[in-house]
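Student: Once you've had a glance at the structure underneath, I'll fire off some questions.
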Amino acid sequence: MPTVTELVHRYVALWNEADPDVRRREIPAIWSERGVYTDPVVVMVGHDAIEALVGTARSQFEGHQVRLLTTVDAHHNVARFGCAVVRPGRAHRTLVTCDVAVADDDGRLRYVHVFIDALAPH
64 MPTVTELVHR
74 YVALWNEADP
84 DVRRREIPAI
94 WSERGVYTDP
104 VVVMVGHDAI
114 EALVGTARSQ
124 FEGHQVRLLT
134 TVDAHHNVAR
144 FGCAVVRPGR
154 AHRTLVTCDV
164 AVADDDGRLR
174 YVHVFIDALA
184 PH
């Protein structure tokens, strides 16, 4: 069973996966069936909703990547970590977040709560 730290690394990689078929195969391995993603704008529940969210974000932020900004600080089944949405080759970050992930007893993500720390000016 993966640790919550391993799940976070797979979660970040999922946002960078361009192939929707690969994402659809990976989501059930990372997320519980009723997994919940929340940020200040949306609440998404379940595999289909999470896949749709990632696909939409990839379209809106075409050419960008999600990167871990911090180490994953984890204990028990909870982790906190910082991420950035960046466009390779550019100095500024489009978006910076502080995230909290909670894994279930089956070793999959049950909750990911995203807090936006900074947005790049338009």
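Sequential numbering from 64 applies to the sequence shown in my numbering. Backbone N, C-alpha and C fix where the C-beta goes; we use that ideal spot for every residue, glycine too.
DSSP three-state call for Glu114: helix, strand or coil?
Tutor: Three-state DSSP puts Glu114 in a helix.
Student: Do you know whose CA, among Asn79, Val165, Gln123, His127, lies nearest Val135's CA?
Tutor: When each option's Cα is compared against that of Val135, the closest is Val165.
Student: Give the DSSP bridge partners of Tyr100, in chain order.
Tutor: Per DSSP, Met107, Val175.
Student: For Arg130 and His72, I'd like the C-alpha separation in whole angstroms.
Tutor: Approximately 10 Å, taken between the alpha carbons.
Student: Go ahead and pull the three-state DSSP assignment for Asp169.
Tutor: Note: Asp169 maps to coil in three-state DSSP.
Student: Since Val159 and His176 are thought to touch, with beta carbons under 8 Å apart, how far apart are those beta carbons, to the nearest angstrom?
Tutor: Rounded, the Cβ-Cβ distance is 15 Å, inconsistent with contact.
Student: When the distance is taken between beta carbons, is Phe144 closer than 8 Å to Thr157?
Tutor: For Thr157 and Phe144, no; Cβs fall outside 8 Å.
Student: Could you give the DSSP three-state label for Arg86: helix, strand or coil?
Tutor: It is helical.
Student: Mind listing, in chain order, the continuous beta strand (DSSP E) runs of no fewer than 3 residues lying wholly within the segment 119-171?
Tutor: Counting whole runs of 3 or more residues, the segment 119-171 contains the beta strand (DSSP E) stretches 128-131, 136-138, 141-149, 156-166.
Student: Would you mind sorting Gly98 into buried or exposed? The rule is 16 or more other CB atoms within 10 Å of its CB.
Tutor: Looking at its Cβ environment, which holds 16 or more other Cβ atoms inside 10 Å, Gly98 is buried.
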